[in-house]
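Mapping of the sequence shown onto my numbering: residues 22 to 135, in sequence order. Accompanying notes for the structure given below.
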Amino acid sequence: MRSGNINDVVTIPPASKITYTVKGKLSSTASGTLSNTVTVTAPQGVNDPNTANNSATDSDTIAFKADLKVTITDGKAAAVAGTQNTYTIVVTNAGPSNVTSQSSGIASRAPSRA
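Put into structure tokens, the structure is as follows:
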């Protein structure tokens, strides 16, 4: 696998095509729009009567996907009336995107009392 720009010298017979497959991985913090533009130029001395179709762009809005999980425990099998309970809340993101506390909601209600 290589990186960088595609800069191949090829021969394309009439009514033929060449296909390139390009793969890449976005950073988990990427945002905005992912745009990829490709341009083809005819070699010197070759007349291309329609240069308007020699460039194309694919643009995709970057979406976030996260697999959030929450657990809560006080580490006890029974709560004793008149005593304080301490709970441990663990929030896990299995990804693949980052989640910030500004964009997610974490809420906990006080336990109901009898």
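Ideal Cβ positions, reconstructed from N, Cα and C, are used throughout, including at glycine. All values derive from a computational prediction rather than experimental measurement.
Residue i and residue j closer than 9 Å at C-beta
{"i": "residue 59", "j": "residue 77", "result": "yes"}
{"i": "residue 120", "j": "residue 90", "result": "no"}
{"i": "residue 129", "j": "residue 93", "result": "yes"}
{"i": "residue 110", "j": "residue 127", "result": "yes"}
{"i": "residue 106", "j": "residue 132", "result": "yes"}
{"i": "residue 146", "j": "residue 47", "result": "No answer is possible for residue 146: it lies beyond the span of the chain, which begins at 22 and ends at 135."}
{"i": "residue 27", "j": "residue 43", "result": "yes"}
{"i": "residue 71", "j": "residue 61", "result": "no"}
{"i": "residue 117", "j": "residue 49", "result": "yes"}
Secondary structure of residue i, DSSP reduced to three states
{"i": "residue 40", "result": "coil"}
{"i": "residue 73", "result": "helix"}
{"i": "residue 104", "result": "coil"}
{"i": "residue 27", "result": "coil"}
{"i": "residue 66", "result": "coil"}
{"i": "residue 116", "result": "strand"}
{"i": "residue 79", "result": "strand"}
{"i": "residue 47", "result": "coil"}
{"i": "residue 7", "result": "The structure shown does not extend to residue 7, since the chain is modelled only from 22 to 135, so the question has no answer here."}
{"i": "residue 54", "result": "strand"}
{"i": "residue 97", "result": "coil"}
{"i": "residue 87", "result": "strand"}
{"i": "residue 110", "result": "strand"}
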